[in-house]
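Colleague:
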Amino acid sequence: MNVPIQKIAGYAALVLLGIALPYLLPAYHSQLAELWLFVVFALTWDLIGGQAGYNSFGNVLFVGVGTYACAVTQIGLVYNVAKYTGAEGGHATIFTFDVPQYLGGLALGLPVAGLAAGLVALFFGRMVLGMRGHYFAICTLGLGVAAGQIAAGWQWIGAGDGLSSPNAPVKLGDLSELMYYLAFILAIITFVTIRWLLSTRFGLALNAIRDDEDKAEAMGLPTTWIKVTAWCIAAVLLGISGGLLGNLKRFIDPIDVAFAGETYGVWMVLMAILGGKGTIWGPVIGAAIFQILKEVFWIYLFGWQRVALGLMIVVIVVFFPQGILGWMREKFPERFGHRIDRARAGEPDAAPARGAAE
Amino acid sequence: LSWPAAWWPSCAIPGWARRSAPPRRTRARLYAFTFGLNAAICGAAGALVAMAYTIHPYIGLPYTIRAFMIVIVAGLGNIFGVVIAALGLGAAENLAGFILGSEFQLAFTFSLLVVVLVWRNARLGAKRQYLK
Chain U
18 MNVPIQKIAG YAALVLLGIA LPYLLPAYHS QLAELWLFVV FALTWDLIGG
68 QAGYNSFGNV LFVGVGTYAC AVTQIGLVYN VAKYTGAEGG HATIFTFDVP
118 QYLGGLALGL PVAGLAAGLV ALFFGRMVLG MRGHYFAICT LGLGVAAGQI
168 AAGWQWIGAG DGLSSPNAPV KLGDLSELMY YLAFILAIIT FVTIRWLLST
218 RFGLALNAIR DDEDKAEAMG LPTTWIKVTA WCIAAVLLGI SGGLLGNLKR
268 FIDPIDVAFA GETYGVWMVL MAILGGKGTI WGPVIGAAIF QILKEVFWIY
318 LFGWQRVALG LMIVVIVVFF PQGILGWMRE KFPERFGHRI DRARAGEPDA
368 APARGAAE
Chain A
163 LSWPAAWWPS CAIPGWARRS APPRRTRARL YAFTFGLNAA ICGAAGALVA
213 MAYTIHPYIG LPYTIRAFMI VIVAGLGNIF GVVIAALGLG AAENLAGFIL
263 GSEFQLAFTF SLLVVVLVWR NARLGAKRQY LK
């Protein structure tokens with residue numbers, strides 16, 4: 018493989034920036050960690066929403082499953098979960114974790130979270146991914162909300178009172194840096210995985226499903242299995258990010274943190290659209306811009322932050338649906354590998370991408 | 163009241179306007195009119211809800227989901243079926259709230275949505291295999 022030296026240098030610079038960020042902005046550890054989690058959210062949503070054309074509004078289901086699976090594993094290794102959540106009474110006890118218990122729980126909890134979310138995706142994928150269009154969208158929305166409501170009613174995992182993530186031992190000090198690097202590594206793994214997937218035949222099959230599913234199936238592609246596989250990969254990554262989210266937020270509310278359809282569920286779609294659906298860098302850029310804008314709104318428009326965010330969502334979806342990279346691709350198609358024969362096309366400004374969109 | 167109101171467009175709008183492709187402006191007006199009628203009936207229903215329950219900014223989503231579910235179960239365009247399905251859902255939901263406990267009532271509604279869609283999809287899949 019012959020990768021140009023500029024490209025390698027670019028990637029290396031980005032990774033170095035990611036490593037250096039917590040030292041450059043020491044006051045914003047948790048916001049930066051959230052940024053990398055958002056990158057994971059947007060990239061995994063884009064795998065099924067942008068590349069395969071299936072607009073899922075229920076990906077937050079996997080985040081929630083991962084959050085709870087990780088927290089329950091971390092707690093369950095040391096204590097009885099029902100005692101911890103108070104489902105069996107016993108509120109007076111203080112639950113402490115020592116260093117190996119805490120780190121071991123985290124190391125085991127994150128893979129368990131990914132596995133649990135992947136299994137859930139496998140179970141529902143077979144049923145749900147046969148649907149098309151609006152039916153799929155509504156069904157996934159229902160899945161996400163239903164899971165949140167079930168978690169809010171299930172006493173064993175704390176019901177509506179939520180579940181606190183295990184307290185880190187005092188000896189370890191401030192763990193926000195560790196969370197940042199875990200989220201950063203997860204974002205890199207996600208990016209590399211999805212980039213690799215899209216460079217294989219599997220990525221081509223996903224794009225074939227997006228462009229014309231009936232034709233893809235008639236050509237002999239096992240479309241349902243391809244969609245289920247993509248969904249499972251997205252779910253595993255989302256599950257791990259959910260486990261990190263629970264440890265980052267320190268408190269797992271069933272509807273506002275774990276199965277937060279109104280916030281994370283909508284935002285992950287929005288970030289992918291903002292950056293550009295169906296591109297690999299689009300969701301990353303979209304997530305970065307979105308997280309910065311969100312924090313700015315929270316600081317300067319406090320009280321009206323949701324209104325500002327909602328307005329932004331409406332403006333983006335109505336006036337800017339192709340996203341930043343989509344717009345760039347129309348403007349500079351050569352930079353994206355689309356070759357245009359301008360002489361044969363006749364008019365110098367007609368780009369094929371634009372022609373296809375109209 | 164809303165039953166005749168829902169019937170009315172299908173009688174009042176001339177058949178050619180529904181079947182053939184009318185001019186774009188006529189069609190846009192038809193859509194706007196139908197949507198306005200829907201909004202008016204929904205608003206009236208909302209006033210009735212406010213009389214029976216406490217209201218909050220997020221009260222809308224469960225009703226949207228319920229409405230969608232009822233229409234899917236009844237079949238799109240089947241107005242009598244909608245009435246039956248709505249009565250059925252109302253009874254089923256309260257029964258579920260009674261049996262499972264009220265904290266699972268909404269969970270039941272949303273799970274039922276998923277079940278209904280999966281069931282509908284499985285039925286369509288079966289039909290497709292039959293065609294094979």
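Sequence lines, in order, name chains U and A. Numbering follows this note's numbering, in which position 168 of the first sequence is assigned residue number 185; successive positions increment by one, without gaps. Numbering follows this note's numbering, in which position 45 of the second sequence is assigned residue number 207; successive positions increment by one, without gaps. The C-beta atom is built at its ideal place from N, Cα and C for all residues, glycine as well.
How about A:Ile221: is its C-beta nearer than 8 Å to some C-beta of chain U?
Modeller: no
Colleague: With three or more beta-carbon pairs closer than 8 Å as the criterion, would you say the stretch 235–244 of chain U touches the stretch 38–45 of chain U?
Modeller: no
Colleague: Assign U:Gly131 to buried or exposed, taking buried as 16 or more other Cβ atoms, counted over all protein chains shown, within 10 Å of its Cβ.
Modeller: buried
Colleague: Return the residues of the stretch 225–239 of chain A that lie within a Cβ-Cβ distance of less than 9 Å from chain U, sorted by chain order.
Modeller: Ile227, Phe230, Met231, Ile234
Colleague: Only counting the same chain, and skipping five residues up and downstream in sequence, which positions put a Cβ closer than 7 Å to that of U:Thr112?
Modeller: Reading off the sequence, residue 112 of chain U comes out as Phe, not Thr. Result list for U:Phe112: Tyr96, Tyr101, in chain order.
Colleague: What does the alpha-carbon distance come out to for the pair U:Ser182 and U:Ala138?
Modeller: 24 Å
Colleague: Any beta-carbon of chain U closer than 8 Å to the one on A:Val276?
Modeller: yes
Colleague: Could you work out which residues of chain U lie near A:Phe197, taking near to mean beta carbons separated by less than 8 Å?
Modeller: The CB of A:Phe197 never comes closer than 8 Å to any CB in chain U; the least such distance is about 17 Å.
Colleague: What residues from chain U crowd round A:Gly259, counting only those whose CB sits closer than 7 Å?
Modeller: What A:Gly259 touches in chain U: nothing, since even the nearest Cβ is about 11 Å away.
Colleague: How is U:Leu94 classed by DSSP in three states: helix, strand or coil?
Modeller: coil
Colleague: May I ask which residues mark the beginning and end of the alpha helix (DSSP H) holding U:Arg227?
Modeller: 218–228
Colleague: Would U:Pro365 be called buried (16 or more neighbouring beta carbons within 10 Å of its own) or exposed?
Modeller: At U:Pro365 the pLDDT is 48, less than 50, meaning the model places this residue with poor confidence; the figure from the coordinates comes in the next sentence. Its Cβ having fewer than 16 others within 10 Å, U:Pro365 is exposed.
Colleague: Report back the beta-carbon spacing between U:Gly340 and U:Gly282 to the nearest angstrom; my notes put them in contact at under 8 Å.
Modeller: Contact doesn't hold; Cβ gap of about 19 Å is too wide.
Colleague: Less than 8 Å between CB atoms is the rule here; does U:Gly142 satisfy it with respect to chain A?
Modeller: no
Colleague: Can you give the Cα-Cα distance for U:Ala104 and A:Ala201, rounded to whole angstroms?
Modeller: Straight-line Cα distance between these residues: approximately 44 Å.
Colleague: Counting contacts by CB-CB distance shorter than 8 Å, is A:Gly250 in contact with chain U?
Modeller: no
Colleague: Would the C-beta of U:Trp173 count as close to the ligand MG, meaning under 7 Å from any of its heavy atoms?
Modeller: No copy of the ligand MG occurs in the structure displayed, which carries no ligand at all.
Colleague: For U:Leu49, which three-state DSSP category applies?
Modeller: helix
Colleague: Quick one: list the residues of chain A neighbouring U:Gly159, beta-carbon separation under 7 Å, in chain order.
Modeller: Ile227, Phe272, Leu275, Val276
Colleague: Indicate whether at least one CB of chain U lies closer than 8 Å to the CB of A:Val244.
Modeller: A:Val244 does not count as touching chain U.
Colleague: Mapping the DSSP letters down to three states, classify U:Leu146 as helix, strand or coil.
Modeller: In the three-state scheme derived from DSSP, where H, G and I count as helix and E and B as strand, U:Leu146 is classed as coil.
Colleague: Anyone know if the C-beta pair for U:Gly135 and U:Leu78 falls short of 8 Å?
Modeller: no
Colleague: Residues in its own chain within less than 6 Å of U:Gly343 by CB, not counting five upstream and five downstream?
Modeller: Gly293
Colleague: What do you get for U:Asp63, buried or exposed, if any count of 16 or more other CB atoms within 10 angstroms of its CB means buried?
Modeller: Classification for U:Asp63: buried.
Colleague: Would U:Ile155 count as contacting chain A if we go by Cβ distances under 8 Å?
Modeller: yes
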